[in-house]
Amino acid sequence: MPQYQELPCGGLVLDIDTALKDGILGGAPELGDAAAGDGGKQPVELRKMMDELDAAGEGGGDEAVPAVFICPISLEPMVDPVTLCTGQTYESANISRWLALGHRTCPTTMQELWDVTPIPNTTLRQLIGAWFFRRYTRFKKRSADFHGRAAELVHGLRGTAVPKRQPLKGQSRVAALRELRSLATTHQSVTKAIAEAGGVALLTSLLGPFTSHAVGSEAVAILVSGVPLDADAKAALMQPAKVSLLVDMLNEGAVDTKINCVRLIRILMDEKGFRPETVASLSLLVGVMRLIRDKRHPDGVAAGLELLSSICAAHRPARCLIVSIGAVPQLVELLLELPMECVEPALDILDALAAVPEGRIALKDCSRTIPNAVRLLMRVSEACTHRALSMLWVVCRMAPEESAPAALDAGLGAKLLLVIQSGCGPELKQQASELLKLCTLNCTSTVFISKCKLTKTIQ
Amino acid sequence: MSVLTCVLDSMGSSCSRSDLLSESETTENAKSADIDRRILQETKAEQHIHKLLLLGAGESGKSTIFKQIKLLFQTGFDETELKSYISVIHANVYQTIKILYDGAKELSQVESDSSKYVISPDNQEIGEKLSEIDGRLVYPLLNKKLVHDVKKLWQDPAIQETFSRGSILQLPDCAEYFMENLDRLAEADYAPTKEDVLHARVRTNGVVQIQFSPVGESKRGGEVYRLYDVGGQRNERRKWIHLFEGVNAVIFCAAISEYDQMLFEDETKNRMMETKELFDWVLKQRCFEKTSFMLFLNKFDIFERKIQKVPLTVCEWFKDYKPIAPGKQEVEHAYEFVKKKFEELYFQSSKPDRVDRVFKIYRTTALDQKLVKKTFKLIDESMRRSREGT
């Protein structure tokens, strides 16, 4: 940073030695051609640099523009400095306007001008150019240095920055988190830098019962962007208060926030010390179901189904809870509208729910179970067919008199014959034939044939 | 009004004195238009005001929250208001000591180890005198002599023993606080502090409201809230009905520390069960189909202390609670259990089409101003988000 010498009149000058050292006077190689460029082109380039730095918010801060570069009329850095006969320097456009208005005095000293010609101050212009160029290259280098920037942000948030400052609060905290998030999501390698700067502990500590939604959503987004989470971090995140916050954000946030919360919970569930009761929360399950039902966002649907499926697998009592919030009819209704890759997880969930008595009753009571399951046979994959068959088996076993005719009406017969004749595994065929037997118990052969719309050859 | 103008119109056309009538017609019309315009204006203004309704069983902390909001977002209590609480606070002192004295007498007759509850003779004298005071319509202000008496009685071991059984009496939660500050309360120039006012206990009759505008961090003002506070005891609930229309959010206060206490109105009914039933009833009201619900699990500070001594299982609703390690972990575990119970109740009582309304649970201690402020900031953010539709 240039050293300043205070003059009695209050003006500031650059110390010669520092100016030489910092290369302002054109000594250093980096200042090359752009600073000493063609006179006519320079003002345009200089203006471009100034505007870009301004836009990026780099004006001021530690390095303010030296006072000598500022035009006394507009208080802006000068692009085309001109000097009057009194020795004062102004921005060319501003002083021309002043003179055009008819004034014949120097604006700062109030002396009468004996000579109105402005003299271009090439020296000053070169100095200004060099200073801004140096600033500009440094700014550009910093923008390319994502790791450095990320570490800087983390330290700023923690309050451990090198010139010691208070940790950021309020709007500036949210802004810093947002920037950190965009860095982490666009450049994977940044996540390591974040972890090294102590970011994980910081983010975990930010999540708590009084965290605002803005802060919480950014923090969670950063945590799931690939920052390495060790066992301690995960243990800290599993605290009930933090999980409650995640559940609240899952219920209230925008879709990306919801998906991030789901992902984070999933990560926590994989950890060894995870207590399954943590996910046995009705609010969580309701939130996940809402995400699954939102057709506008297929990512959300997939993420939600994945989480729900893991919950079903991890914690038996959670299944009763899931049934109690009415998930079974909702999932069944969705089956035909889901994208192909989501059908299998959905059927997995229904299969797991069918393992509990309440789930079986819910499946039976839902009117769309049979038609949808029949439609799904042989449509997506062998695993799906297997699941769909189990579901039908469960329903038909529970109430054969009503389910069997309904199933046959839905075209079950033809589908089952298809399964039996297809290249599926032997157990699947076995299951299909048993189901066929169950359903046709009370059917005469003519009825059966008509129901199956069999052609003469197959008969 | 419009019917009247129609009648006047037709009158004008059939009567011969049409000139006179047409003049009164125009003034009537003008007046009617003016009233219509004012109604429209006021309706529009009302729509920008976000209405919050504080509900809950008796002594659940609603009025304390109300006072906190007043302190935080309005000009707080001025000197006159503070002084107006002196009589309330002194009344609380008399009520407390009488309850303890009567309680000790009863326990000494009823309990097997009655000797614990026998008050010493001179303290008994004091007790009788104070009971007589409590029986009057207007309480005298506390002076040094009375405070000396009260203190002496309070320090009697029998009374202390009764105090430890406070949950079976209808002892207000502010009892200990006021007893410990007796000297200060009796000073001649006593001016109640904010804390004193927050602790003061007076049963709310009817409905009170305040209008306030919280200035957030971003200084985005303009959000006007109106908070309504109602009486909590059973005999007051019918007064709430006509408030239910058009409320944006219901703040339901449930004091989780009262799982071992009985109702004021009905000493056979457990307070937590009463809260449970009330919450259930409120959730099922048709007028709340679209209303956001903020559940304040209040009196957490008392809950924290009580959990170490009294198990949750004394309350029927919590009888399937299994404690883990004693200490801080236990408190958290117990709190999560209670929270889950309320969640369960919410989802059971809400029909599937209502499950989409906003429902959030907050842990509060209404006496802690900082906590209430933070909680309200969260509520403000949450309501803003639901308004903006994100």
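Here the protein sequences line up with chains W and L, keeping their order. In terms of my numbering, the first sequence is residues 1 to 459. In terms of my numbering, the second sequence is residues 1001 to 1390. Virtual Cβ for every residue (Gly too), placed ideally from N, Cα, C.
Distance between beta carbons of residue j and residue i, contact taken as under 8 Å
i       : j       : result
L:F1296 : L:A1249 : The pair is not a contact, with the Cβ atoms about 12 Å apart (cut-off 8 Å).
L:D1173 : L:T1204 : Not quite, the Cβ-Cβ distance comes to about 15 Å (not below 8 Å), so this is no contact.
L:I1069 : L:I1159 : Between L:I1159 and L:I1069 the Cβ distance is about 36 Å, and since that is not below 8 Å, they are no contact.
W:C424  : W:E358  : Not a contact, Cβ separation roughly 31 Å.
Min CB distance residue i to chain L below 7 Å
i      : result
W:H213 : yes
W:L460 : Within the shown structure, residues of chain W are numbered from 1 to 459, placing residue 460 of chain W beyond reach of any answer.
W:S283 : yes
W:F210 : yes
W:P329 : no
W:P462 : A query on residue 462 of chain W cannot be resolved here, the shown segment of chain W reaching from 1 to 459 and no further.
W:P240 : yes
Backbone secondary structure at residue i - three-state DSSP
i       : result
L:N1248 : coil
W:I325  : coil
L:N1298 : strand
L:L1053 : strand
W:V68   : helix
W:A254  : coil
W:N260  : helix
W:S403  : helix
L:A1255 : strand
W:S367  : coil
L:Y1335 : helix
L:Y1362 : strand
W:L101  : coil
L:R1387 : helix
W:C439  : helix
W:S460  : No statement about residue 460 of chain W is possible, as the shown extent of chain W runs from 1 to 459 and does not include it.
W:G120  : Note on residue identity: the sequence assigns Pro, not Gly, to residue 120 of chain W. W:P120: strand per DSSP, three-state reduction.
L:M1262 : strand
L:R1037 : helix
L:Y1346 : helix
L:D1229 : strand
Distance, residue j Cα to residue i Cα
i       : j       : result
W:E306  : W:A314  : 12 Å
L:E1223 : W:R158  : 32 Å
L:L1072 : L:L1227 : 13 Å
L:K1276 : W:C261  : 31 Å
L:I1133 : L:I1168 : 24 Å
W:K234  : L:R1038 : 59 Å
W:E45   : W:D80   : 12 Å
W:P400  : W:S310  : 32 Å
W:L12   : W:F133  : Note that W:L12 scores 45 on pLDDT, short of 50, meaning its location in the model is unreliable; the coordinates nonetheless yield the value given after this. When rounded, the distance between both Cα atoms is 21 Å.
W:A231  : W:R275  : 14 Å
L:Q1369 : W:L363  : 50 Å
W:L153  : W:L177  : 8 Å
L:D1266 : L:E1111 : 22 Å
W:Y90   : W:L84   : 8 Å
L:V1118 : L:L1171 : 19 Å
L:S1440 : L:V1282 : Not covered by the structure: residue 1440 of chain L. The range shown for chain L is 1001 to 1390.
L:G1135 : L:I1099 : 12 Å
W:V332  : L:Q1074 : 53 Å
W:L291  : L:S1382 : 19 Å
L:R1305 : L:Y1362 : 19 Å
L:G1103 : L:T1162 : 7 Å
Neighbour flag for residue i against chain W, beta carbons, 7 Å
i       : result
L:E1132 : no
L:K1306 : no
L:E1289 : no
L:K1393 : Nothing about residue 1393 of chain L can be read from this structure; chain L reaches only from 1001 to 1390.
L:E1336 : yes
L:E1343 : yes
L:K1374 : yes
L:F1293 : no
L:E1330 : no
L:E1381 : yes
L:F1318 : no
L:F1347 : yes
Completely contained beta strand (DSSP E) runs for the region 1098 to 1170 of chain L, where each covers 3 or more residues: none
Can you check the region 1170 to 1220 of chain L for any alpha helix (DSSP H) of at least 4 residues that lies completely inside it and give the ranges in chain order? 1175 to 1180, 1182 to 1185, 1194 to 1199
Could you give the uninterrupted runs of the alpha helix (DSSP H) lying entirely in the region 288 to 339 of chain W, keeping only those of 4 residues or more? 298 to 314, 316 to 324, 327 to 334
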